[in-house]
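Notes follow the structure.
Protein chains: 2
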Amino acid sequence: MQIGTAAEASGVSAKMIRHYEAIGLIASGARRTNGYRDYDARDIHELRFIRSARDLGFSLDEIRTLLDLWRNKDRNSRDVHHLAAEHLADIEGKIVELQAMATTLRDLLEACHADARPDCPILAGLSGKTTMAGH
Amino acid sequence: MQIGTAAEASGVSAKMIRHYEAIGLIASGARRTNGYRDYDARDIHELRFIRSARDLGFSLDEIRTLLDLWRNKDRNSRDVHHLAAEHLADIEGKIVELQAMATTLRDLLEACHADARPDCPILAGLSGKTTMAGH
DNA sequence: CTTGACCTTCCAATTATGGGAAGGTGCTGA
DNA sequence: TCAGCACCTTCCCATAATTGGAAGGTCAAG
């Protein structure tokens, strides 16, 4: 199977497949006589794994670890659990941050009338002038 | 005021101040005879504006626009409102994405026993095998 | 034999920030 | 007066993940 077909089958772009190979995330597989990369079902499976993990927000570095665990039959589930739990905590932290941003922005938007007047509490809020105090 | 003092006063690192100047986000201000950059209260105010906007998750490109609006007394608040509203929508979208990730991860974590056994539903879930069906 | 759709490698851009080298400046204390 | 230290300067490089493009090789169909 050529790289284009593998890309479509796995949901990972050909560009990314080459990149993952270059950084050693996946092995440098067999080549045909013409130099084209060749992929089989096992490769697709691995690429799908990577794709799923990316969709869940794991970094390539974390995925590297997950792949090692996945390939290693002697692993214990504790390691995987720990990595996933840490990642979940990361995500939850980001959610909290973003929610704080969103709340502040909503407050600013509510205070700004979106009209032709030049004074906008959003800019005042950003500039540090505590025009927000009244709200 | 030297760049180090300006950095501390504004919450923007000296490295970043130079960078913002290099990309034209802030003006190339006056230099002293020794070549050192010189800052005054107005500059600090501007840097704090940038810092606040970054804290709210605005990109430097969006901040460029916000700064233009901030400096321009003839602006109308509609533009600012629009930009902020779009950014808020972006943030809200990201929150939804992260929440979806978190939910899936929590499900997987719940199904994984974090013990010495090698079979972990997290890996199965990532690999696409719907071992999750039973849980 | 040409055309078009593949494939190859390599180089560069993106976003925001930081690290570090190599060298100049300036104040302070002995 | 000189040493030492903290600060400044510019320039290059690195990060993380992905994409775009150029220049060129391969292959099947028309």
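Protein sequences appear in the order of chains A and X.
Each residue of the first sequence is one higher than the one before, starting from 172 at the first, in the working numbering.
Each residue of the second sequence is one higher than the one before, starting from 172 at the first, in the working numbering.
Each residue gets a CB set at the ideal place from its N, CA and C atoms; glycine is no exception.
This one's a predicted model, so the numbers in the text were calculated from it and none came from an experiment.
{"Query": "Alpha-carbon to alpha-carbon, X/A193 and X/K186", "Result": "11 Å"}
{"Query": "Bridge-paired residues (DSSP) for X/R208", "Result": "X/R202"}
{"Query": "Delimiting residues of the alpha helix (DSSP H) encompassing A/S181", "Result": "174-181"}
{"Query": "Proximity to A/G206 [Cα-Cα], best of A/A255, A/L269, A/I174", "Result": "A/I174"}
{"Query": "Cβ neighbour criterion (16 or more within 10 Å) applied to X/E217", "Result": "buried"}
{"Query": "Chain-ordered neighbours of A/M272 on chain X, where CB pairs are closer than 7 Å", "Result": "L227, G228, I262"}
{"Query": "Status (buried if at least 16 other CB within 10 Å, exposed otherwise) for A/A260", "Result": "exposed"}
{"Query": "A/G264, enclosing alpha helix (DSSP H) - first and last residue", "Result": "248-282"}
{"Query": "Any C-beta of chain A under 8 Å from that of X/D239", "Result": "no"}
{"Query": "Supposed close pair X/D214, X/G200 - CB separation, criterion 8 Å", "Result": "6 Å"}
{"Query": "Supposed contact pair X/I266 and A/I266 - C-beta distance, whole angstroms, cut 8 Å", "Result": "6 Å"}
{"Query": "Proximal chain X residues relative to A/A178, where beta-carbon distance stays under 7 Å", "Result": "By Cβ distance, chain X contributes nothing, its closest Cβ being about 16 Å from A/A178, past 7 Å."}
{"Query": "Nonlocal neighbours in the same chain, by C-beta distance under 8 Å from X/D209, ignoring five residues either side", "Result": "M172, Q173, G200, A201, R202, R203"}
{"Query": "Burial state of A/G321, where buried means 16 or more other Cβ atoms lie within 10 Å", "Result": "Residue 321 of chain A lies beyond the stretch modelled for chain A, which goes from 172 to 306, so this question has no answer here."}
{"Query": "A/A295 (DSSP reduced to helix, strand or coil)", "Result": "helix"}
{"Query": "Listed by chain order, chain A residues near X/D244 by CB distance under 7 Å", "Result": "First, the amino acid is wrong: residue 244 of chain X is Lys here, not Asp. Neighbours of X/K244 on chain A, chain order: P289."}
{"Query": "8 Å contact criterion, which X/L279 and A/A255 should meet: CB distance rounded", "Result": "6 Å"}
{"Query": "Supposed close pair X/L276, A/T275 - CB separation, criterion 8 Å", "Result": "Going by Cβ atoms, the distance from X/L276 to A/T275 rounds to 27 Å, so no, they are not a contact pair."}
{"Query": "Distance CB(X/R288)-CB(A/S230) smaller than 8 Å", "Result": "no"}
{"Query": "8 Å Cβ cutoff, A/G182 in contact with chain X", "Result": "no"}
{"Query": "Per-residue DSSP class, three states only, for A/F229", "Result": "coil"}
{"Query": "DSSP three-state assignment for X/D286, whether helix, strand or coil", "Result": "coil"}
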